[in-house]
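In this text, residue positions in the sequence shown follow this note's numbering: the first is 145, and each later residue adds one.
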Amino acid sequence: MSSVEALREFAPETAVVLGSGLGAVAEAISVEGELDFADVPEMPPARVAGHAGRFVWGNLAGRRVVMQQGRVHLYEGRTAGEVTAGIRVMAAAGARQIVLTNAAGILNEAYAPGEWMLLRDHLNLTGASPLIGRPAFIDMSEIYTPHLRARWREVAQGQGITLHEGVYAGVLGPQYETPAEIRMLKVLGADAVGMSTVLEAIEARALGLEIVGVSCLTNYAAGLRAQPLRHEDVLRASEGAAAMLGAWLAEALRTAGD
Ligand code: HPA
145 MSSVEALREF
155 APETAVVLGS
165 GLGAVAEAIS
175 VEGELDFADV
185 PEMPPARVAG
195 HAGRFVWGNL
205 AGRRVVMQQG
215 RVHLYEGRTA
225 GEVTAGIRVM
235 AAAGARQIVL
245 TNAAGILNEA
255 YAPGEWMLLR
265 DHLNLTGASP
275 LIGRPAFIDM
285 SEIYTPHLRA
295 RWREVAQGQG
305 ITLHEGVYAG
315 VLGPQYETPA
325 EIRMLKVLGA
335 DAVGMSTVLE
345 AIEARALGLE
355 IVGVSCLTNY
365 AAGLRAQPLR
375 HEDVLRASEG
385 AAAMLGAWLA
395 EALRTAGD
């Protein structure tokens with residue numbers, strides 16, 4: 145069993161947070177260590193046995209990578225500080241870049257399920273911030289790093305991945321939105337909606353990391369199509385897309401610095 149010290153010694157260059165249904169991306173790593181959240185004092189204790197996540201690290205495409213498999217969400221009754229503990233753990237181990245992935249609902253009618261969106265910007269509509277209580281007037285004007293977005297776009301094009309770039313609305317959940325809420329989010333300028341990522345991005349920015357945000361577009365948001373939203377369908381869609389993300393991530397890492 146590894147330890148936080150082993151992760152520090154490994155000194156990851158890049159951190160990746162794997163969203164709902166995207167956990168299989170970690171299988172692409174040649175694993176050098178792994179660590180359950182339960183064995184990391186900084187991580188909040190699991191509430192449901194067997195439901196915690198873990199960190200997995202090793203080599204991917206010639207880079208030292210640590211992946212956080214499993215997230216802590218505000219809607220589980222966690223604080224913004226607890227939600228972002230994994231970011232601080234991976235940054236303290238040395239990561240200078242972070243890839244935040246998620247499953248998201250589509251607001252922009254030019255998008256379709258099975259396609260992807262790079263986050264150009266976000267709306268933090270959770271009402272929370274991990275920086276409360278810290279003197280942190282962080283500049284958020286370019287939170288998702290432009291040169292990394294350019295590389296991810298280029299690699300997506302080479303791999304035939306249909307990729308959009310837009311604004312992610314981060315909401316509290318855990319219920320999906322009403323059609324009226326979706327109309328409101330569209331008016332506010334959002335292209336996709338989900339229940340994660342924004343607090344992690346704020347923490348990562350405060351720690352000085354470069355950030356990529358990627359949404360796996362799993363479903364049309366409420367009211368845009370006739371059928372109701374079901375979590376099983378969202379999970380099935382992102383699980384089906386995990387292999388595509390793995391190949392895309394590996395190539396984006398492999399070409400880093402080119
Ligand atoms: N709404 C909020 N979060 C989501 C959705 C959605 O439609 N799909 C996947 N995560």
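Don't be surprised by glycine CBs; every beta carbon is placed ideally from N, CA and C.
Strictly by DSSP, which residues pair up with Asn203?
Answer is Ser174 and Arg208.
From this set, Thr228, Ala150 and Cys360, which residue's C-alpha is nearest Gly384's C-alpha?
Considering only alpha carbons, the answer is Cys360.
For Gly354: DSSP bridge partner residues:
The question names Gly, but residue 354 in the sequence shown is Glu. For Glu354, which the question treats as bridged, DSSP gives the partners Gln241.
What I want to know is whether the C-beta of Glu321 ends up closer than 7 Å to one or more non-hydrogen atoms of the ligand HPA.
Yes; taking the cut-off as 7 Å, the Cβ of Glu321 has a heavy atom of the ligand HPA nearer than that.
Tell me the DSSP secondary structure of Asp183 in three-state form.
Correct three-state label for Asp183: helix.
When DSSP builds the beta bridges, which residues end up paired with Tyr312?
As computed with DSSP, Tyr312 is found in a beta bridge with His266 and Ala336.
Three-way DSSP call (helix, strand, coil) for Arg349 in this model
Looking at Arg349 - three-state DSSP - the assignment turns out to be helix.
Restricting to Cα atoms, I'd like to know which of Phe181, Trp201 and Gln241 is closest to Arg215.
Here the closest residue by C-alpha is Phe181.
Output the distance between the C-alpha atoms of Asp283 and Arg349, rounded to the nearest integer angstrom.
Separation of Asp283 and Arg349 (C-alpha to C-alpha, rounded to the nearest whole angstrom) is 8 Å.
Can you tell me whether Ile276 is buried or exposed? The criterion is at least 16 other CB atoms within 10 Å of its CB, across all chains shown.
Ile276 should be labelled exposed.
Cβ of Gly165 versus every heavy atom of the ligand HPA: is any distance shorter than 7 Å?
Annotation for Gly165 indicates a beta carbon at 7 Å or more from all heavy atoms of the ligand HPA.
Going by alpha carbons, who is nearest to Gly302 out of Ala237, Glu395 and Arg278?
Ranking Ala237, Glu395 and Arg278 by Cα distance to Gly302 puts Glu395 first.
Counting Cβ pairs closer than 8 Å, one from the segment 212 to 232 and one from the segment 151 to 162, do we hit at least three?
Look at the beta carbons and you see the segment 212 to 232 touching the segment 151 to 162: at least three pairs across the two are nearer than 8 Å.
Pairing CB atoms from the segment 324 to 334 with CB atoms from the segment 284 to 294, are three or more of them under 8 Å?
Using a Cβ-Cβ distance cut-off of 8 Å, the segment 324 to 334 and the segment 284 to 294 are not in contact, since fewer than three pairs of beta carbons, one from each stretch, lie closer than that value.
Candidates Leu329, Ala400, Asp265 and Leu218: closest to Pro274 by CA position
Closest by alpha carbon: Leu218.
Which one of Met388, Val175, Ala239 and Gln371 has the shortest CA to CA distance from Thr306?
Taking only the C-alpha atoms, the option nearest Thr306 is Met388.
Given this structure, state the Cα-to-Cα distance separating Thr245 from Val358, to the nearest angstrom.
Using only the alpha carbons, I get a separation of about 5 Å.
Tell me where the alpha helix (DSSP H) around Leu151 begins and ends.
Residues Val148 to Phe154.
In or out: His375 buried (at least 16 other Cβ within 10 Å) or exposed?
Flag for His375 reads exposed.
Are there 16 or more other CB atoms within 10 angstroms of the CB of Gly390, so buried, or fewer, so exposed?
It is buried - the Cβ of Gly390 has at least 16 other Cβ atoms within 10 Å.
Exposed or buried, Phe199, counting other C-beta atoms within 10 Å across all chains shown (16 or more means buried)?
By the neighbour-count definition (other C-beta atoms within 10 Å, threshold 16), Phe199 is a buried residue.
Taking only three categories from DSSP, how would you classify Gly384?
DSSP places Gly384 in the helix class (H, G or I) of the three-state scheme.
Same chain, Cβ closer than 6 Å to Met328, five either side skipped, listed in chain order:
Cβ neighbours of Met328 beyond the five flanking positions: none.
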